[in-house]
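Colleague: Residue numbers (our numbering): 1 to 594.
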Amino acid sequence: MLDTRLRPLACILLILSLAACGTSPESERRPVAAAPDQAATRTEAGADSHAISQPARIVREQEAVLGKAAPAPRPAAPMHDQDFARRLVMPQAAVMAAPGYQPVPMQEASHERYAALEQGGVTATAVQPFSTFSIDVDTGAYANVRRMLMAGQLPPDDAVRIEELINYFPWESRPVARRGEPFAVQTEVAPAPWNTNRLLLRVGIRAMDARQAELPPANLVFLVDVSGSMSSANKLPLLKNALRLLTDTLRPQDRVSLVTYASGTQVVLPPTPGSERGTIRAALEALQPGGSTAGEAGIRLAYEMARQGFRKGGINRILLATDGDFNVGLSDFEALKALVEDRRRSGVSLTTLGFGTGNYREDLMEQLADAGDGNYAYIDTLNEAHKVLVEEAASTLSIVARDVKIQMEFNPAVVSEYRLIGYENRALAREDFRNDKVDAGEVGAGHGVTALYELSLVGTPGQLGDSRYARPAPVSGYGDELGMLRLRYKQPAGGASREIEVAVQRAQIRPATAASTDLRFTAAVAAFGQHLRGGKYLGSFGPAQIEQLAAGARGEDRFGYRGEFLRLVRLSGALQTPSPQPCNATREDGACAD
């Protein structure tokens with residue numbers, strides 16, 4: 001029992017100790033170091049780790065003042081401490097609804113890497129009538145943006161690749177390809193919803209469908225990152241569940257290998273028939289995280305296993321599942337791309353599946369898939385895994401056309417200006433269009449690829465203004481054409497390229513009310529992507545207008561993806577903070593008087 005004469009002194013010491021908890025330097029406020037197996041979790045938890053350990057620290061300091069022995073530091077906060085921390089946090093919905101709310105960026109976002117992306121601008125048709133680019137069937141940017149918005153964070157500009165947002169959504173229409181061609185081509189023109197003085201040209205290509213049962217035999221290699229950075233619930237545990245979904249769709253004629261990498265590499269499962277699902281599931285279940293990340297060695301071993309199980313005339317593909325954080329062996333960005341570009345000549349494609357947050361290397365994931373003639377997806381939920389690996393398995397795994405390029409030649413006598421929305425990192429030089437040595441994107445069975453151009457017609461207000469000296473030369477005989485669309489592609493087995501030409505007629509221009517559901521919804525998604533990147537070309541067209549446009553073009557929405565998009569638009573609006581208004585006069589208490 002503490003002497004009664006010492007109680008006042010003890011009370012004073014207790015008050016001073018509690019005050020020090022709130023004012024001590026950052027270095028003195030750090031939580032007790034976590035156990036090794038909890039280090040990754042604590043790192044990703046960021047600022048939450050301080051809040052969780054605070055109650056326990058207060059108790060220890062109180063006991064020290066009262067003369068009790070201090071307990072040994074604990075490696076992790078117990079559950080009641082975590083509950084205490086959660087009670088201190090305002091519910092997210094209430095925070096987002098609060099006036100003037102501005103989201104605090106998640107701590108892990110500073111460690112995520114995205115390739116720099118320069119937004120495309122307006123081009124004068126008289127100066128450059130040709131627009132050339134490679135198609136893109138990736139959808140990872142949409143899932144990644146969704147993950148950030150759902151966490152209460154606005155995405156960085158470079159994370160928003162508008163073409164990947166657009167191409168995430170299945171088409172409502174089902175056009176039929178012309179005889180002998182692997183895909184159907186659609187063009188449509190209507191006023192731009194954010195500026196009725198301009199037009200939107202929608203260029204769409206949709207590959208022919210194929211049921212999974214109709215696909216050729218598959219030789220798949222699961223290349224799985226089991227390094228220590230993959231220990232979080234949204235990484236290796238989610239990854240294993242995702243690959244189980246794909247395993248359940250395998251056929252007896254399919255073969256699966258499993259390769260892992262951490263500090264070293266291992267062949268966990270040699271080529272195994274798809275009928276042995278129990279064996280494949282058991283191999284996946286046994287995976288445990290630990291060690292560093294020898295990604296380069298893992299890629300080399302995966303290509304070797306794909307070569308051993310190679311199916312001539314079949315599907316030969318590696319599925320690389322990782323957070324992209326390579327730190328052992330070859331980790332130079334360009335060198336890794338060169339390695340994959342060299343190995344693709346063997347006829348093996350590479351698909352990348354991104355997982356997790358914090359140290360995520362999205363720049364590497366997207367461009368490795370491009371170099372490997374594959375596609376990139378980001379898996380943030382099991383529903384997304386089901387979409388990519390089950391619902392769209394034929395699109396993800398098979399190829400119906402290689403090196404697909406689009407070239408739009410605009411008629412300067414009719415179109416004064418144009419702007420391609422998205423595809424900034426897919427741009428090609430005009431001469432690359434017919435150069436078969438220049439690589440381009442692949443299209444899988446059932447894939448729909450859409451590109452949007454914003455156009456200004458001659459005689460209508462443009463964004464560049466008139467030139468004092470340059471005038472478009474008159475074009476005789478083509479005054480009824482907006483331009484000529486050209487597509488170039490190779491068959492899945494390679495060989496010489498084939499070319500398709502489709503004239504875009506001025507007579508195709510329709511009023512906004514007559515535009516298709518696909519065009520109107522695509523315009524809403526394109527506006528959303530531009531809005532997230534600052535809305536340079538949108539004027540006052542913001543989340544409320546985007547939501548209204550998308551809601552009117554929701555269509556059948558069989559899987560609910562368009563409904564989910566509407567919720568994301570609302571979230572983005574809630575996360576936006578109005579610009580602070582200047583304070584012209586202040587009261588005595590320092591508050592704004594007006």
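We treat Cβ as the ideally placed atom computed from N, Cα and C, and that holds for glycine.
Below 8 Å on the Cβ atoms is my contact criterion, and I expect A294 with S263 to pass it. Report the Cβ-Cβ distance as a whole number of Å.
Modeller: 6 Å
Colleague: Sort out for me which residues DSSP pairs T450 with in a bridge.
Modeller: Answer is G204, bridged to T450.
Colleague: Please identify the residue among E362, T132, Q576 and A493 whose C-alpha is closest to the C-alpha of D432.
Modeller: T132
Colleague: On the CB-based measure, 16 or more other CB atoms within 10 Å of its CB, does D176 come out buried or exposed?
Modeller: The displayed chain sequence assigns Val, not Asp, to residue 176. That one is exposed.
Colleague: Could you check how far apart the C-beta atoms of F169 and F521 are, in whole angstroms? I think they sit under 8 Å.
Modeller: 7 Å
Colleague: Using 8 Å as the cut-off, can you tell me whether the region 249-269 makes contact with the region 186-203, which would need three or more C-beta pairs spanning the two stretches below that distance?
Modeller: no
Colleague: So, V224 versus L287, is the Cβ gap smaller than 8 Å?
Modeller: yes
Colleague: Three-state secondary structure (DSSP) at I58?
Modeller: Unreliable placement is indicated for I58, whose pLDDT of 36 sits below 50; the coordinate value is still reported in the next sentence. Per DSSP, reduced to three states, the secondary structure at I58 is helical.
Colleague: Give a yes or no on whether the minimum CB-CB distance between D466 and chain B is below 8 Å.
Modeller: No chain B appears in this structure, which consists of one protein chain only.
Colleague: In three-state terms, what does DSSP make of R161?
Modeller: coil
Colleague: Can you tell me whether F541 is helix, strand or coil according to DSSP?
Modeller: coil
Colleague: Quick one: give me the first and last residue of the alpha helix (DSSP H) that F565 is part of.
Modeller: Y561 to L575
Colleague: Terminal residues of the continuous beta strand (DSSP E) containing S229?
Modeller: Counting along the chain, S229 falls outside any beta strand (DSSP E), and DSSP gives it neither H nor E.
Colleague: My assumption, with CB atoms under 8 Å, is that V185 sits in contact with V502. Please give the rounded CB distance.
Modeller: 5 Å
Colleague: Output the distance between the C-alpha atoms of Q508 and W171, rounded to the nearest integer angstrom.
Modeller: 20 Å
Colleague: For A229 versus N359, is the C-beta spacing smaller than 8 Å?
Modeller: Note on residue identity: the sequence assigns Ser, not Ala, to residue 229. Yes; because the gap between Cβ atoms is below 8 Å, this pair is in contact.
Colleague: What are the boundary residues of the alpha helix (DSSP H) that A218 is part of?
Modeller: A218 -> not in any alpha helix (DSSP H); beta strand (DSSP E) instead, spanning A218 to D225.
Colleague: My parser needs the alpha helix (DSSP H) runs of 4 or more residues fully inside the region 257-296; what are they?
Modeller: 277-285
Colleague: Going by the CB atoms, is the gap between R570 and E547 shorter than 8 Å?
Modeller: yes
Colleague: Taking just the CA atoms, how far does A512 sit from L575?
Modeller: 30 Å
Colleague: Can you give, in chain order, each stretch of the beta strand (DSSP E) that sits fully within the region 355-426 and has at least 3 residues?
Modeller: 376-378, 401-410 and 415-421
Colleague: With 16 other CB atoms within 10 Å as the buried threshold, where does K437 fall?
Modeller: When all chains shown are included, K437 counts as exposed.
Colleague: The beta strand (DSSP E) with P191 in it runs from where to where?
Modeller: F183 to A192
Colleague: How would you label D209, buried or exposed, when you count the other beta carbons within 10 angstroms and need 16 or more for buried?
Modeller: exposed
Colleague: Work out the CA separation of P270 and T351 for me, nearest whole Å.
Modeller: 19 Å
Colleague: To which residues of the same chain is L532 closer than 8 Å at the C-beta, ignoring the five residues directly before and after it?
Modeller: For L532, where only same-chain residues beyond five positions count, the Cβ hits under 8 Å are V145, L154, P155, D157, V160 and S572.
Colleague: In this structure, does DSSP put F326 in helix, strand or coil?
Modeller: coil
Colleague: Taking K490 as part of the beta strand (DSSP E), name the residues at either end of that continuous run.
Modeller: Note, K490: beta strand (DSSP E), E481 to Q491.
Colleague: Would you give the residue range spanned by the alpha helix (DSSP H) that A496 belongs to?
Modeller: It is not in any alpha helix (DSSP H) - A496 instead sits in the beta strand (DSSP E) that spans G494 to Q505.
Colleague: V525 lies in the alpha helix (DSSP H); which residues open and close that run?
Modeller: Where V525 is concerned, the enclosing alpha helix (DSSP H) stretches over T517 to L532.
Colleague: Decide yes or no for the touch test of the region 196-211 against the region 449-457: beta carbon pairs closer than 8 Å, at least 3 of them.
Modeller: yes
Colleague: Could you tell me the distance, in whole angstroms, from the CA atom of L239 to the CA atom of A283?
Modeller: 13 Å
Colleague: Pull up the distance between the alpha-carbon of M148 and that of T357, whole angstroms please.
Modeller: 9 Å
Colleague: Along the chain, where does the beta strand (DSSP E) containing T247 start, and where does it finish?
Modeller: Counting along the chain, T247 falls outside any beta strand (DSSP E), though it belongs to the alpha helix (DSSP H) covering L236 to T247.
Colleague: Beta-carbon within less than 7 Å of A551's beta-carbon, same chain only, minus the 5 sequence neighbours each way: which residues are those?
Modeller: Once the five neighbours on either side are set aside, the close Cβ partners of A551 are L566.
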